[in-house]
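J.:
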Amino acid sequence: MASNELKWTYPEKRELLGGDLLAQTLRQLGVEVTFGIHGGHLDAFLIGCNLAGIKLIDTRHEATAVQAAEGYAKISGKPGCAFVTANSGFCNALPGLATAYADRSPIFVVTSSPPLREAETNSLQGFHDQVVLAKPLTKFAHRVTNAEEIPRIVTYAYKTAISGIPGPVVVDFPIDVLFHPPRMSAIAYGSVMHAPAAAPAPDSASLDDLLKLWKAAHRPVIISGTGAARTTARNGGGREKQSASPLLQLAEATHTPVFYSQKYAPALPFEHALRGGPAGSLAILPYIGKQQPDLVLLLGARTGFLLGGRSGAIIPTGDACKLVQVDIDGTEIGKSHAVDLGIVSDARNFISALLDRIKTGESIDKHEPWIQDIQDLKNTPSPHAGESEKGSDGRLHPYHTIRAIYESIPPDSIVILDGGEASVWAGENVEVARPSCAITSTGYLGFLGNGWGYSLGAAVAAGPETLVLNVHGDGSAGFHIQELDTYARHNLNVLTVVMNNYVWGMSIAGQDIMYGSDDPARMVSALSEATRYDVVAQGFGCKGAFATESIDEVKAKVKDLAASKGAGLLNVIISKNPVTAVTQAMVGKTDDPNVIVVPYYDNVPRPYYRADEGKNGNGNVKETNGH
Numbered sequence: 001m002a003s004n005e006l007k008w009t010y011p012e013k014r015e016l017l018g019g020d021l022l023a024q025t026l027r028q029l030g031v032e033v034t035f036g037i038h039g040g041h042l043d044a045f046l047i048g049c050n051l052a053g054i055k056l057i058d059t060r061h062e063a064t065a066v067q068a069a070e071g072y073a074k075i076s077g078k079p080g081c082a083f084v085t086a087n088s089g090f091c092n093a094l095p096g097l098a099t100a101y102a103d104r105s106p107i108f109v110v111t112s113s114p115p116l117r118e119a120e121t122n123s124l125q126g127f128h129d130q131v132v133l134a135k136p137l138t139k140f141a142h143r144v145t146n147a148e149e150i151p152r153i154v155t156y157a158y159k160t161a162i163s164g165i166p167g168p169v170v171v172d173f174p175i176d177v178l179f180h181p182p183r184m185s186a187i188a189y190g191s192v193m194h195a196p197a198a199a200p201a202p203d204s205a206s207l208d209d210l211l212k213l214w215k216a217a218h219r220p221v222i223i224s225g226t227g228a229a230r231t232t233a234r235n236g237g238g239r240e241k242q243s244a245s246p247l248l249q250l251a252e253a254t255h256t257p258v259f260y261s262q263k264y265a266p267a268l269p270f271e272h273a274l275r276g277g278p279a280g281s282l283a284i285l286p287y288i289g290k291q292q293p294d295l296v297l298l299l300g301a302r303t304g305f306l307l308g309g310r311s312g313a314i315i316p317t318g319d320a321c322k323l324v325q326v327d328i329d330g331t332e333i334g335k336s337h338a339v340d341l342g343i344v345s346d347a348r349n350f351i352s353a354l355l356d357r358i359k360t361g362e363s364i365d366k367h368e369p370w371i372q373d374i375q376d377l378k379n380t381p382s383p384h385a386g387e388s389e390k391g392s393d394g395r396l397h398p399y400h401t402i403r404a405i406y407e408s409i410p411p412d413s414i415v416i417l418d419g420g421e422a423s424v425w426a427g428e429n430v431e432v433a434r435p436s437c438a439i440t441s442t443g444y445l446g447f448l449g450n451g452w453g454y455s456l457g458a459a460v461a462a463g464p465e466t467l468v469l470n471v472h473g474d475g476s477a478g479f480h481i482q483e484l485d486t487y488a489r490h491n492l493n494v495l496t497v498v499m500n501n502y503v504w505g506m507s508i509a510g511q512d513i514m515y516g517s518d519d520p521a522r523m524v525s526a527l528s529e530a531t532r533y534d535v536v537a538q539g540f541g542c543k544g545a546f547a548t549e550s551i552d553e554v555k556a557k558v559k560d561l562a563a564s565k566g567a568g569l570l571n572v573i574i575s576k577n578p579v580t581a582v583t584q585a586m587v588g589k590t591d592d593p594n595v596i597v598v599p600y601y602d603n604v605p606r607p608y609y610r611a612d613e614g615k616n617g618n619g620n621v622k623e624t625n626g627h
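51 is the number that full-length UniProt numbering gives to position 51 of the sequence shown; each next residue is one higher, with no gaps.
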């Protein structure tokens, strides 16, 4: 681009520095807000942001800043931006980069380092080579060594974050580069104003093959993931916008129910017959006398533990079910499941191309019996529905508690889930909340504590009229609870709920299943009953409430906190019983003596045959390798 296309808005007689050039380039690329913690290395950039109109949201930890950028990206549909200072701040940011890389989140992270001339002098905050550390956790990492190249490198990094498979990028700007005035005649602008390359679309032959499979199916389902997040309207879309969303158009044109992975719940009308709900509920079909799907279309949804692994519970295995996987990443297709058809495509482009084919005369059966089966599935009551509102220990039942919370918040809220058992209870019942979207923040790494940053970014992206419900267990709540201060200082409409059972819920449940509750060898899993998260919240300037007596009390306090807007926290005491079915299934405990239980992963057969002592009482062991 020509140099005169950049609109400088600086005070008269102020010298332009590298930090200004960085801020102006990001602003031209569309960055409106950035999250981080101050460090003197970054001052030239931060001042530049202020002058360029980029809002600065300062957090209390660098990991949360990067996670906030990720949450912002998920809600806004635009790349998130974060800034972290040299070495100490950067090392604190590594957990955020790890999650963003695993979960394909497009974020741009600005960091700094000591002056180039200070290399290998044991200078302040100059020990680690940040580019080397960042490379395994990013799509692109680079150190800029002269101010004139800032626009070109920043543009390249930004477009790398959003092109193809999205992901995080890190650019290191040494402090002397940020404070150095560029030679205006030598600035390398690159393609700041040029749009990124077009996303891939499906070829005609693959659509022919897909339509053949679809027409032959009697029980098709679509399972959407984060790769399809932009195919539905988000908060405030209302019925009109939701009915026009590409994903819903596809569901209606193919008469196919839409389910969603744990990662991202899309904004489809809740009363619509083709909204299936969480994909995990597909595992219930055999238990209510219904057949499993015979065609599964994974749309921007990756296989793995979030979709039942290779158990066949959610994605059926064998010839009875055809599996089609649409993903922007060709290497993801068939990664853990044999697929019958793989299509490399952006989700929106795929939907558009397929709808064009259907509109030209292709027709698919209405599958009315199957759609009725899905309605029966959605109406199947939870086995916990008839249980007392209190658990065996006299504390509130987690099932009734989370439903009461959901029933007490405004529809179209954003729900962010964190924790182990707490997240499972919340995810299984999230349809009750009727959210505009719901995100499980722990992601593919199972990373606890992300919910604090995700909620921060979501609240900034959505604006003050939208409530963000930040659900935690008392374990995950302890990771970044200091961000309550950030919520309060920036007047963010975030309601945090701590489902507090005084233990690491999934850990203690797994130990109880494996070893029994009285086993003296129990490993660390208890938390303090003296901790008052609501009092902590008040100390950080937030509203705080405590609930322990009844479900009605929970409803009243949630409604009060939600109505007042701004930052608040409910500390609700719940029972650690019952254990969720998900945890029981993940632990995989069995009495079969010839199976080795590998908690949270697939069990494996014992390498030798072991007689069942319960049957013959002799405990004989027989090698299976012939010896």
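Positions of the beta carbon are idealized from the N, C-alpha and C atoms, including for glycine.
Keep in mind it's a predicted model, so treat the numbers as computed, not measured.
Does residue 190 come out as helix, strand or coil in the three-state DSSP assignment?
T.: Coil, per DSSP.
J.: Using a Cβ-Cβ cutoff of less than 7 Å, which residues in the same chain neighbour residue 422 once the five nearest sequence positions on both sides are dropped?
T.: Within the same chain, residue 422 has close Cβ partners 471, 472, 473, 499 and 505.
J.: On a Cα-Cα basis, can you pick out the residue from 488, 331 and 451 that is closest to residue 464?
T.: Taking only the C-alpha atoms, the option nearest residue 464 is 488.
J.: Of the choices 585, 509 and 456, whose alpha-carbon is the least far from that of residue 567?
T.: Selected option, being the one with the closest Cα: 456.
J.: Should residue 286 go down as buried or exposed, given a rule of 16 or more other Cβ atoms within 10 Å for buried?
T.: With fewer than 16 other Cβ atoms within 10 Å, it is exposed.
J.: Report the start-end ranges of each beta strand (DSSP E) in the region 126-201 that is 3 residues or longer and not cut off at the edges.
T.: For the region 126-201, whole beta strand (DSSP E) runs of length 3 or above, ordered along the chain, are 140-143 and 168-174.
J.: In angstroms with no decimal places, state the Cα-to-Cα distance between residue 236 and residue 49.
T.: Reliability of the predicted coordinates at residue 236 is poor, the pLDDT of 40 falling under 50, and the value obtained from them is presented with this limitation in mind. Whole-angstrom Cα-Cα distance: 29 Å.
J.: How long is the line joining the alpha carbons of residue 182 and residue 114, rounded to whole angstroms?
T.: The straight-line gap from Cα to Cα measures roughly 18 Å.
J.: Beta strand (DSSP E) containing residue 275: first to last residue?
T.: From DSSP, the beta strand (DSSP E) with residue 275 extends over 275-278.
J.: Per DSSP, what kind of secondary structure is residue 559 in: helix, strand or coil?
T.: Here residue 559 sits in helix by DSSP.
J.: Going along the chain, which residues of its own chain have a beta-carbon closer than 7 Å to the beta-carbon of residue 180, five neighbours each way excluded?
T.: The answer, listed in chain order, is 17, 18 and 147.
J.: Quick one: measure Cβ to Cβ for residue 409 and residue 558, integer angstroms, because I've assumed they're closer than 8 Å.
T.: Correct: roughly 6 Å between the Cβ atoms.
J.: Can you check whether the CB of residue 211 is closer than 8 Å to the CB of residue 302?
T.: Result no, Cβ atoms of residue 302 and residue 211 do not sit closer than 8 Å.
J.: Looking at the structure shown, is residue 64 part of a helix, part of a strand, or coil, going by DSSP?
T.: Of the three classes helix, strand and coil, the one that applies to residue 64 here is helix, per DSSP.
J.: Ignoring anything shorter than 4 residues or poking outside the region 492-556, list the alpha helix (DSSP H) runs there in chain order.
T.: Within the region 492-556, the complete alpha helix (DSSP H) runs of at least 4 residues are 505-515 and 533-539.
J.: Mind reading off the beta-carbon distance from residue 267 to residue 232? Whole number of angstroms is fine, and I expect it under 8 Å.
T.: Contact holds; Cβ gap of about 5 Å.
J.: Buried or exposed: which applies to residue 628, given that a residue is buried once 16 or more other Cβ atoms fall within 10 Å of its Cβ?
T.: Lying outside 1 to 627, the shown extent of the chain, residue 628 is not represented and no answer is given.
J.: Tell me the rounded alpha-carbon separation between residue 307 and residue 346.
T.: For residue 307 and residue 346, the distance between alpha carbons rounds to 21 Å.
J.: Can you tell me which of 527, 104 and 52 puts its alpha carbon nearest to the alpha carbon of residue 73?
T.: Of the listed residues, the one whose Cα sits closest to residue 73 is 104.
J.: What would DSSP say about residue 88, mapped onto helix, strand or coil?
T.: Note: residue 88 maps to helix in three-state DSSP.
J.: Could you tell me the alpha carbon to alpha carbon distance between residue 64 and residue 461, rounded to whole angstroms?
T.: In a straight line, the C-alpha of residue 64 is about 15 Å away from that of residue 461.
J.: Grouping DSSP H, G and I as helix and E and B as strand, with all else coil, what is residue 598?
T.: Looking at residue 598 - three-state DSSP - the assignment turns out to be coil, as it is neither helix nor strand.
J.: Alpha carbon to alpha carbon, how far is residue 20 from residue 32?
T.: Each residue's alpha carbon lies about 15 Å from the other.
J.: If you count every other CB in all the chains shown that lies within 10 Å of the CB of residue 15, and 16 or more means buried, which is it?
T.: So residue 15 ends up on the exposed side.
J.: Let me check understanding here. Comparing Cα to Cα, which of 527, 258 and 263 lies closest to residue 269?
T.: Comparing Cα-Cα distances from residue 269 to each of 527, 258 and 263, the minimum goes to 258.
J.: Throw me the rounded Cβ distance for the residue 377 and residue 288 pair, which I believe falls under 8 Å.
T.: At roughly 7 Å, the Cβ-Cβ gap stays under 8 Å, so residue 377 and residue 288 are in contact.
J.: For the beta strand (DSSP E) that residue 296 lies in, which residues bound it at each end?
T.: That run of the beta strand (DSSP E) goes 295-299.
J.: In the DSSP assignment, the beta strand (DSSP E) including residue 609 goes from what residue to what residue?
T.: Here the beta strand (DSSP E) through residue 609 covers 608-610.
J.: Put residue 410 into one of helix, strand or coil per three-state DSSP.
T.: The answer is coil: DSSP assigns residue 410 none of H, G, I, E or B.
J.: If we count the other Cβ atoms within 10 Å of its Cβ and call it buried at 16 or more, is residue 241 buried or exposed?
T.: At residue 241 the pLDDT is 46, less than 50, meaning the model places this residue with poor confidence; the figure from the coordinates comes in the next sentence. Residue 241 comes out exposed.
J.: CA-CA distance, residue 296 and residue 275?
T.: The straight-line gap from Cα to Cα measures roughly 15 Å.
J.: From which residue to which residue does the alpha helix (DSSP H) around residue 584 run?
T.: From DSSP, the alpha helix (DSSP H) with residue 584 extends over 581-587.
J.: In the DSSP assignment, what are the bridge partners of residue 349?
T.: Residue 349 pairs with nothing; no bridge assigned.
J.: What are the start and end residues of the beta strand (DSSP E) that includes residue 440?
T.: Where residue 440 is concerned, the enclosing beta strand (DSSP E) stretches over 437-440.
J.: Only counting the same chain, and skipping five residues up and downstream in sequence, which positions put a Cβ closer than 8 Å to that of residue 145?
T.: So the qualifying residues of the chain are 116, 174 and 177.
J.: Our contact map puts residue 161 next to residue 151 with C-beta atoms below 8 Å; I'd like the distance itself, whole angstroms only.
T.: Not confirmed; about 16 Å, so no contact.
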